[in-house]
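Student:
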Amino acid sequence: MKKEIVIFTFDCIGCGKCVRRCPHHVLKLVDNGMCRFVNVVNEDACTGCGRCQEICPVKAIKIK
Ligand code: SF4
Ligand code: SF4
Numbered sequence: 001m002k003k004e005i006v007i008f009t010f011d012c013i014g015c016g017k018c019v020r021r022c023p024h025h026v027l028k029l030v031d032n033g034m035c036r037f038v039n040v041v042n043e044d045a046c047t048g049c050g051r052c053q054e055i056c057p058v059k060a061i062k063i064k
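The sequence shown runs 1 to 64 under the working numbering.
Structure follows, in structure tokens:
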């Protein structure tokens with residue numbers, strides 16, 4: 001089944017832990033000059049392993 005990655009951008013503190021944890025380079029940090037947050041750049045590569053969700057300290061990422 002296709003996995004959906006939901007990012008709660010306003011909760012994300014831009015720590016980058018999920019980016020480093022993802023084995024498939026699905027996530028990337030974006031810096032818009034005012035704040036840093038995570039973005040999905042390679043959704044097709046996501047296996048739905050849930051590692052990003054587990055490591056996020058503020059529960060800003062959810063795998064459905
Ligand atoms: S569920 Fe796994 S593969 Fe998908 S974005 Fe999170 S860490 Fe990467
Ligand atoms: S681990 Fe959570 S707070 Fe940190 S960059 Fe990822 S989504 Fe944002």
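Ideal Cβ placement from N, Cα and C applies to all residues, glycine included.
Give me the residue from R20, C22, L27 and G33 with the minimum Cα distance to I7.
Tutor: Among R20, C22, L27 and G33, the Cα nearest to that of I7 belongs to L27.
Student: Rounded to the nearest angstrom, what separates E4 and K59 at their Cα positions?
Tutor: C-alpha separation (whole angstroms): 15 Å.
Student: Helix or strand or just coil, what does DSSP make of I55?
Tutor: Reduced to three states, the DSSP call for I55 is helix.
Student: Would you call the CB atoms of I61 and C52 closer than 7 Å?
Tutor: Result yes, Cβ atoms of I61 and C52 sit closer than 7 Å.
Student: Please determine whether the Cβ atom of C46 lies at a distance below 6 Å from any heavy atom of ligand 2.
Tutor: C46: no, Cβ never under 6 Å from ligand 2.
Student: Are the CB atoms of L29 and V41 nearer to each other than 7 Å?
Tutor: No, these two residues do not count as a Cβ contact at 7 Å.
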